[in-house]
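The structure appears below as structure tokens.
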Amino acid sequence: MIRKILVLVLFFSLVAVPSTEVSAIPTGVGVMGDSGTQPYQCIGRGDETSFTWTEVLAALRGIDFGGEPCEPYNQAWSGETVALNMESQTSNVLDDFNAGRIGKVIIMLGHNDLYGNPNTPDIPSVLATYRTNLDRLLNAGIAPGNILMIDVSQENWDGPMKAYVDQFNLGLRNLSIEKGTVFTTWAYFHTEVACRSTDGGNSYNVGGQMIVNSFGNEYHNWRVADGHLGTLANGLFANALVTDFLGVPRMTDAELLTLVNGAVVPSNPPPNCSPAPTLTPLPAGSATATGTVFPTATRTPTPVISPTPTFTWTPTPLVSSTPTTAGSPTATGSSTTITIGETSVLGMSYSGIGNRLVAQQVTLSQSATIQSLSYYVATASGQLRLGIYNNSGTMPGTLVAQTAAFTPVVGWNTQPVLTQTVLPAGTYWLAFLPQNNT
Numbered sequence: 004m005i006r007k008i009l010v011l012v013l014f015f016s017l018v019a020v021p022s023t024e025v026s027a028i029p030t031g032v033g034v035m036g037d038s039g040t041q042p043y044q045c046i047g048r049g050d051e052t053s054f055t056w057t058e059v060l061a062a063l064r065g066i067d068f069g070g071e072p073c074e075p076y077n078q079a080w081s082g083e084t085v086a087l088n089m090e091s092q093t094s095n096v097l098d099d100f101n102a103g104r105i106g107k108v109i110i111m112l113g114h115n116d117l118y119g120n121p122n123t124p125d126i127p128s129v130l131a132t133y134r135t136n137l138d139r140l141l142n143a144g145i146a147p148g149n150i151l152m153i154d155v156s157q158e159n160w161d162g163p164m165k166a167y168v169d170q171f172n173l174g175l176r177n178l179s180i181e182k183g184t185v186f187t188t189w190a191y192f193h194t195e196v197a198c199r200s201t202d203g204g205n206s207y208n209v210g211g212q213m214i215v216n217s218f219g220n221e222y223h224n225w226r227v228a229d230g231h232l233g234t235l236a237n238g239l240f241a242n243a244l245v246t247d248f249l250g251v252p253r254m255t256d257a258e259l260l261t262l263v264n265g266a267v268v269p270s271n272p273p274p275n276c277s278p279a280p281t282l283t284p285l286p287a288g289s290a291t292a293t294g295t296v297f298p299t300a301t302r303t304p305t306p307v308i309s310p311t312p313t314f315t316w317t318p319t320p321l322v323s324s325t326p327t328t329a330g331s332p333t334a335t336g337s338s339t340t341i342t343i344g345e346t347s348v349l350g351m352s353y354s355g356i357g358n359r360l361v362a363q364q365v366t367l368s369q370s371a372t373i374q375s376l377s378y379y380v381a382t383a384s385g386q387l388r389l390g391i392y393n394n395s396g397t398m399p400g401t402l403v404a405q406t407a408a409f410t411p412v413v414g415w416n417t418q419p420v421l422t423q424t425v426l427p428a429g430t431y432w433l434a435f436l437p438q439n440n441t
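Under the numbering used here, the first residue of the sequence shown is numbered 4, with each subsequent residue one higher.
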């Protein structure tokens, strides 16, 4: 029987991230959104200890959204949509920017265009409106790296709505690639909080306090009475998706609990959860795109993987049989090579992504054993590590194989994986982590 060696070659195209992406905030921060971002204390949502994520950041990290209780730089309002309200919200943000009051903008709009729409969502039209107003921000002089785009939460609704959410989120990713803005996904938040639950999402451990996945204004409920995220959930949301963009440290569980007049329970520590990998997922099928999506986070991911991947596999059917009939020949193994991924060097190059994990989705058509990873380097600096993750929904899941850290050279770099691992056919993510920004 023929033994085959499968080689996966990964080449990434990237739009450079300006260094201002994670710099200290020189001025205020403008926000565009809907009820999930509207200041709770301004409209009486919940009780006196109920806060949305902007209020949490203002209280614990001093982020300037214009001041309490209604945060004038925060344009979010209940029920608003991209289609009907993004134009006016953009105008208000530009007024603040032109007056020197804000320097960064966070956009989290689109939920009501999808879930709040009684008709079939017109995703191309919504994305076109989003693009028009994003261009207005950019043309006014707001640097792409100072604009954070957050997608719509995919909460596993059945039926056609899931496909519409996926279509919209992919459109936002591609728009971010094109314009060079910062992008992040709710999937990071869902991944991080899932680690805090030991009962399948029925409750979450925050500083030893068990926060039940239920509705109510008392802080032990994950959501306030009207269904929006509660204070502690909003604090964890800000940690996962926003703090790195703003250049501030994450908030501790103890700090978050002070907002609800709670305290840490030392005898019941939360699980030892690492932050979700700061991955840079390229949309499926866009290996030749002219850029890459940037998540807000820029911390070093726990599974340390680095750049320049090419992946080598051996299919699992490695059967070598000896027939029982006397005189029959014994099959001997030979090998051929299968290549998957980008094998040509594209015109774009990476920069500004030191200590940032980048991943690209690929499909393995047959069960195989990974043997090596390769990556093309245009400018060699620092060290790299390459790896592969399995798939989890629309993002990378668990690290399944990686190389040792190595010093790359200009050109193609091929490294053996530390442990050859059998992988079944399916979807995977090829990943790398550069030590330096060049």
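All residues carry an ideal CB built from backbone N, CA and C; glycine is no exception.
Cα separation between L436 and D247? For the purposes of this step, residue 436 is identified with residue 433 of the sequence shown, where counting begins at 1. For the purposes of this step, residue 247 is identified with residue 244 of the sequence shown, where counting begins at 1. When rounded, the distance between both Cα atoms is 17 Å.
Taking the alpha-carbon positions, what's the G265 to L389 distance? To locate residue 265, count along the sequence shown from 1; it is residue 262. To locate residue 389, count along the sequence shown from 1; it is residue 386. Rounded to whole angstroms, G265 to L389 spans 43 Å at the Cα level.
Count the other CB atoms within 10 Å of the CB of K165; is the residue buried (16 or more) or exposed (fewer)? Here residue 165 corresponds to residue number 162 of the sequence shown, with the count starting at 1. Exposed, since its Cβ has fewer than 16 Cβ neighbours within 10 Å.
Which same chain residues end up closer than 6 Å to L63 when comparing Cβ atoms and leaving out the 5 residues on each side of it in sequence? By 1-based counting over the sequence shown, the position of residue 63 is 60. Counting only Cβ-Cβ distances below 6 Å, and skipping sequence neighbours, we find M254, E258.
In this structure, does DSSP put N77 in helix, strand or coil? As a position in the sequence shown, residue 77 is number 74, starting the count at 1. The answer is strand: DSSP assigns N77 an E or B state.
Taking the alpha-carbon of A86 as reference, which of N136, N208, G230 has the nearest alpha-carbon? If you number the sequence shown from 1, residue 86 lands on position 83. Comparing Cα-Cα distances from A86 to each of N136, N208, G230, the minimum goes to N136.
First through last residue of the beta strand (DSSP E) which encompasses T156: Locating residue 156 in the sequence shown gives position 153, where the first residue counts as 1. According to the sequence shown, residue 156 is Ser rather than Thr. S156 -> no beta strand (DSSP E), and no H or E assigned at all.
Name the DSSP beta bridge partners of W432, please? To locate residue 432, count along the sequence shown from 1; it is residue 429. The secondary-structure analysis by DSSP pairs W432 across a beta bridge with Q364, Y392.
Hey, how far is the Cα of L421 from the Cα of Y379? Taking the sequence shown and counting its residues from 1, one reaches residue 421 at position 418. Taking the sequence shown and counting its residues from 1, one reaches residue 379 at position 376. So the alpha carbons of these two residues sit roughly 20 Å apart.
Cut-off 6 Å between Cβ atoms - residues of its own chain near G33, not counting five sequence neighbours on either side: On the sequence shown, position 30 is the one that residue 33 refers to. When the five nearest sequence neighbours on each side are left out, the beta carbons in the same chain lying within less than 6 Å of the beta carbon of G33 are those of Y76, V96, D99, I105, V108, in order along the chain.
Can you tell me where the alpha helix (DSSP H) with L60 in it begins and where it stops? In the sequence shown, residue 60 corresponds to position 57, counting from 1. Looking at the DSSP string, the run of the alpha helix (DSSP H) that includes L60 is 56-64.
Can you give the Cα-Cα distance for S81 and G39, rounded to whole angstroms? Position 78 of the sequence shown, counted from the first residue, corresponds to residue 81. Position 36 of the sequence shown, counted from the first residue, corresponds to residue 39. Their Cα atoms are separated by approximately 8 Å.
If you drop the 5 nearest sequence neighbours on each side, which residues of the same chain put their C-beta closer than 6 Å to that of P427? For the purposes of this step, residue 427 is taken as the residue at position 424 of the sequence shown. For P427, where only same-chain residues beyond five positions count, the Cβ hits under 6 Å are S370.
Cα-Cα, which of G113, P272, G148 is closest to A131? The count along the sequence shown starts at 1 and reaches residue 131 at position 128. It is G113.
Locate the alpha helix (DSSP H) running through L376, then write down its first and last residues. By 1-based counting over the sequence shown, the position of residue 376 is 373. Run containing L376: none in the alpha helix (DSSP H); it sits in the beta strand (DSSP E), 371-380.
Spatial neighbours of A329 within its chain, please: C-beta separation below 8 Å, excluding the five flanking residues on both sides. Residue mapping note: residue 329 aligns to position 326 of the sequence shown, counting from 1. Since pLDDT at A329 reaches only 33, below the 50 mark, its modelled position is unreliable, and the value read off the structure follows with that caveat. None.
Could you please give the first and the last residue of the uninterrupted alpha helix (DSSP H) stretch that includes I46? What you label residue 46 is simply residue 43 of the sequence shown in a count that begins at 1. In the DSSP annotation of this structure, the continuous segment of the alpha helix (DSSP H) that includes I46 starts and ends at 43-46.
Rounded to whole angstroms, what is the Cα-Cα separation between T283 and V185? Along the sequence shown, read from residue 1 onward, the residue named residue 283 stands at position 280. Along the sequence shown, read from residue 1 onward, the residue named residue 185 stands at position 182. Here the model assigns T283 a pLDDT of 42, short of 50, so the residue's position is not dependable and the matter cannot be decided.
Helix, strand or coil at G210 [DSSP, three-state]: Position 207 of the sequence shown holds residue 210. Three-state DSSP puts G210 in coil, outside helix and strand.
Which residues DSSP lists as bridging L232, in chain order: Residue numbering aside, residue 232 sits at position 229 when the sequence shown is read from its first letter. According to DSSP, which records beta bridges pairwise, L232 is partnered with R226.
The beta strand (DSSP E) with V403 in it runs from where to where? Counted from its first residue, the sequence shown places residue 403 at position 400. Per DSSP, V403 belongs to the beta strand (DSSP E) from 398-405.
DSSP state of T246, grouped into three classes? Looking up residue 246 in the sequence shown gives position 243. In this structure, T246 counts as helix in the three-state DSSP scheme.
Is F171 helix, strand or coil by DSSP? Sequence index remark: in the sequence shown, residue 171 carries index 168 (1-based). F171 falls in the helix class under three-state DSSP.
Would you kindly report the start and end of the unbroken alpha helix (DSSP H) that includes I126? In the sequence shown, the residue the question calls residue 126 occupies position 123. It spans 126-142 - the alpha helix (DSSP H) in which I126 sits, taken as one unbroken run.
If you drop the 5 nearest sequence neighbours on each side, which residues of the same chain put their C-beta closer than 8 Å to that of T93? Within the sequence shown, the letter at position 90 stands for residue 93. Around T93: M35, N136, R139, L140.
For Q423 and L376, believed in contact at Cβ under 8 Å, the rounded distance: Counted from its first residue, the sequence shown places residue 376 at position 373. Counted from its first residue, the sequence shown places residue 423 at position 420. That belief does not hold up - the Cβ atoms of L376 and Q423 are roughly 12 Å apart, past 8 Å.
Inter-residue spacing [alpha-carbon to alpha-carbon] between V209 and N172: One-based indexing of the sequence shown puts residue 209 at position 206. One-based indexing of the sequence shown puts residue 172 at position 169. Cα-Cα distance, rounded: 29 Å.
Could you say which of S91, G49, M398, T430 lies nearest to G219 if we only look at CA atoms? Here the question's residue 219 lines up with position 216 in the sequence shown. Comparing Cα positions, the closest option is G49.
Any idea what DSSP makes of T93, helix, strand or coil? Taking the sequence shown and counting its residues from 1, the one referred to as residue 93 is at position 90. Correct three-state label for T93: helix.
Hey, which unbroken runs of the beta strand (DSSP E) at 3 residues or more fall wholly within the region 95-125? Complete beta strand (DSSP E) runs here, min 3: 105-111.
Could you name the residues that DSSP lists as bridge partners for W189? Numbered from 1 along the sequence shown, position 186 holds the residue referred to as residue 189. Beta-bridge pairing links W189 to no other residue.
Per DSSP, cross-strand counterpart(s) of M35: For the purposes of this step, residue 35 is taken as residue 32 along the sequence shown, with counting starting at 1. In DSSP, M35 forms a bridge with I110.
Measuring only the C-alpha atoms, how far is Y167 from S179? Here the question's residue 167 lines up with position 164 in the sequence shown. Here the question's residue 179 lines up with position 176 in the sequence shown. Looking at the two C-alpha atoms, the distance is approximately 18 Å.
Should D202 go down as buried or exposed, given a rule of 16 or more other Cβ atoms within 10 Å for buried? Mapped onto the sequence shown, residue 202 falls at position 199. Exposed: under 16 other Cβ atoms inside 10 Å.
Below 8 Å between beta carbons: does that hold for A434 and A362? Your numbering for residue 434 matches position 431 in the sequence shown. Your numbering for residue 362 matches position 359 in the sequence shown. Cβ atoms of A434 and A362: closer than 8 Å.
For E181, the nearest candidate out of P399, R134, C198, V215 (CA to CA): On the sequence shown, position 178 is the one that residue 181 refers to. It is R134 whose Cα lies nearest to the Cα of E181.
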